[in-house]
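*Asks:* Counted the way full-length UniProt numbering counts, the sequence shown spans residues 1 to 248.
Ideal Cβ positions, reconstructed from N, Cα and C, are used throughout, including at glycine.
Quantities reported herein were computed from a predicted structural model and do not represent experimental measurements.
Encoded as structure tokens, here's the structure I'll be asking about.
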Amino acid sequence: MGQTVTLTGMVLLAAPIGDYDKRLVLLTKERGKITAFAKGSRRQNSPLLAAANPFSFGAFTCFEGRTSYNLMQAEISNYFSGLSQDYEAAYYGFYFMEIADYYARENNDEAEMLRLLYATLRALMNAHIPNELIRYIFEWKSMVISGEYPQMFCCTGCGVQEDLRAFVPAGDGLVCKNCLSGSKGAVLLLESTIYTYQYIASSTIEKLYSFTVSEDVLREMKRLQSRLCKIYMDKQFKSLDILESIVT
1 MGQTVTLTGM VLLAAPIGDY DKRLVLLTKE RGKITAFAKG SRRQNSPLLA AANPFSFGAF
61 TCFEGRTSYN LMQAEISNYF SGLSQDYEAA YYGFYFMEIA DYYARENNDE AEMLRLLYAT
121 LRALMNAHIP NELIRYIFEW KSMVISGEYP QMFCCTGCGV QEDLRAFVPA GDGLVCKNCL
181 SGSKGAVLLL ESTIYTYQYI ASSTIEKLYS FTVSEDVLRE MKRLQSRLCK IYMDKQFKSL
241 DILESIVT
């Protein structure tokens, strides 16, 4: 027998189905990533019309069937409507939701990913933090939450925590001054860049977007994140292609 459940979450994706329905992908606190069908949500008089769109965050009441969910009611607490007024910020948001969709799984504990996504979308509407920095913070923290990320707190060669100098792809992490010699493909990093990565990895989500970095650190993060995403994210994100055509 099916049951009705109320889930806290956000709409990651919304695709039209038939003449009036939508297929939604929701990232929820209680059930992880789920697919829900919003019947009649494309009708102009539907109570689900506004809720069945990307970025909508709130409480979703669904009928849980044997193989799928049907959205019955939604109480949205944040539509992130400010993103609709900023084309660039909106596509950053689409990219972040695509990453969340990539990592999240059904019936998995995705509460931290949901909190990260919510905090990140709020940060996009803060003019004091560069969107580019928000991107690198989100990418890196997503890897940390997923549990698939390189060692950034000690040397992968000898284990020391001091004098860390470079990231080595083959070694899956940082190496120190003494182990740098002969490390193939090493990416040299400033001490402040290394500290930034350590801070993001260990910080609570509430404190993630409370800082900015120098232009030098931002350039190094751009170079390093490009490599990390190729290594740890086995996907070409469609929204990223569009985003990069906008910002470059």
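Between the C-alpha atoms of residue 29 and residue 100, what's the straight-line distance to the nearest angstrom?
*Replies:* Mapped onto the sequence shown, residue 29 falls at position 29. Mapped onto the sequence shown, residue 100 falls at position 100. Whole-angstrom Cα-Cα distance: 13 angstroms.
*Asks:* Are the CB atoms of residue 103 and residue 134 within a distance shorter than 9 angstroms?
*Replies:* Along the sequence shown, one-based indexing puts residue 134 at 134. Along the sequence shown, one-based indexing puts residue 103 at 103. No.
*Asks:* So which of 137, 49, 158 and 116 has the shortest CA-CA distance to residue 228?
*Replies:* Here the question's residue 228 lines up with position 228 in the sequence shown. Of 137, 49, 158 and 116, the residue nearest in Cα terms is 137.
*Asks:* From residue 163 to residue 198, what distance separates their C-alpha atoms?
*Replies:* Along the sequence shown, one-based indexing puts residue 163 at 163. Along the sequence shown, one-based indexing puts residue 198 at 198. Each residue's alpha carbon lies about 14 angstroms from the other.
*Asks:* Tell me the rounded alpha-carbon separation between residue 220 and residue 51.
*Replies:* Within the sequence shown, numbered from 1, the residue matching residue 220 stands at position 220. Within the sequence shown, numbered from 1, the residue matching residue 51 stands at position 51. Each residue's alpha carbon lies about 39 angstroms from the other.
*Asks:* Residue ranges of each alpha helix (DSSP H) run of no fewer than 4 residues wholly in the stretch 47-119, ordered along the chain?
*Replies:* Runs found: 87-103.
*Asks:* Nearest by alpha-carbon distance to residue 64: which of 107, 49 and 88 is it?
*Replies:* For this step, residue 64 is matched to residue 64 along the sequence shown. That would be 107, whose Cα lies nearest to the Cα of residue 64.
*Asks:* Is the Cβ-Cβ distance between residue 38 and residue 70 less than 9 angstroms?
*Replies:* The residue you call residue 38 lines up with position 38 of the sequence shown. The residue you call residue 70 lines up with position 70 of the sequence shown. Yes, these two residues count as a Cβ contact at 9 angstroms.
*Asks:* Need the endpoints of the beta strand (DSSP E) that residue 10 sits in, please.
*Replies:* As a first step, residue 10 is located in the sequence shown; it is residue number 10 there, counting from the start. Unbroken beta strand (DSSP E) run through residue 10: 3-17.
*Asks:* So residue 168 packs on residue 186, CB below 8 angstroms; how close in whole Å?
*Replies:* The residue you call residue 168 lines up with position 168 of the sequence shown. The residue you call residue 186 lines up with position 186 of the sequence shown. With 8 angstroms as the limit, residue 168 and residue 186 qualify as a contact, their Cβ atoms being about 5 angstroms apart.
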